[in-house]
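Peer 1: Take this structure, written in structure tokens, and hold onto it; I'll ask about it next.
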Amino acid sequence: MAFSATPLSRLFLLSANGECGLAYMRIIPCRPPPNTIRLREGLLDSLACTLCESRSRFSYSATIVAQDILDLEGRLQSPVPVSSSRATPPRTGFIFTGQGAQWWVMVWALSGICWKSPQE
Numbered sequence: 004m005a006f007s008a009t010p011l012s013r014l015f016l017l018s019a020n021g022e023c024g025l026a027y028m029r030i031i032p033c034r035p036p037p038n039t040i041r042l043r044e045g046l047l048d049s050l051a052c053t054l055c056e057s058r059s060r061f062s063y064s065a066t067i068v069a070q071d072i073l074d075l076e077g078r079l080q081s082p083v084p085v086s087s088s089r090a091t092p093p094r095t096g097f098i099f100t101g102q103g104a105q106w107w108v109m110v111w112a113l114s115g116i117c118w119k120s121p122q123e
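For any residue, its number in our numbering is found by taking its place in the sequence shown, counting from 1, and adding 3.
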């Protein structure tokens, strides 16, 4: 098995609740001091894995493919295409916990406000 000298490309997934959140992530500086670039290069695999595997997926996301930390910095400074996975607005749900015997009173009080039939 032969290894090539070509740098490894990594996928970085950014995820936020809105486009403003994604824009904020792009302005966070990532340039390390010059003497720590080699150390930081070793952490890029961990960063890519964390962003893709361990973070919450929100409705807006953007992906960046970069080979090293300087490439990542350059791509963060350029416009990043944004995709949205939400086609409909989120729905509101109510969960009543720890209400004991009075839960039905809360439901009865809210039923006149929230649960209207489509004919009304």
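Ideal Cβ placement from N, Cα and C applies to all residues, glycine included.
What does Ile67 pair with, by DSSP beta-bridge criteria?
Peer 2: Bridge partners of Ile67: Phe15.
Peer 1: Any idea what DSSP makes of Ser62, helix, strand or coil?
Peer 2: Three-state result, Ser62: coil.
Peer 1: From the DSSP secondary-structure annotation, give me the bridge partner or partners of Ser86.
Peer 2: In the DSSP output, where bridge partners are listed per residue, Ser86 has Ser64.
Peer 1: Select from Leu50, Met109, Thr95 the residue whose C-alpha is nearest the C-alpha of Leu17.
Peer 2: The shortest Cα separation from Leu17 among Leu50, Met109, Thr95 belongs to Leu50.
Peer 1: What does the Cβ neighbour count give for Leu46, buried or exposed, with the cut at 16 atoms within 10 Å?
Peer 2: The residue is exposed, with fewer than 16 neighbouring Cβ atoms inside 10 Å.
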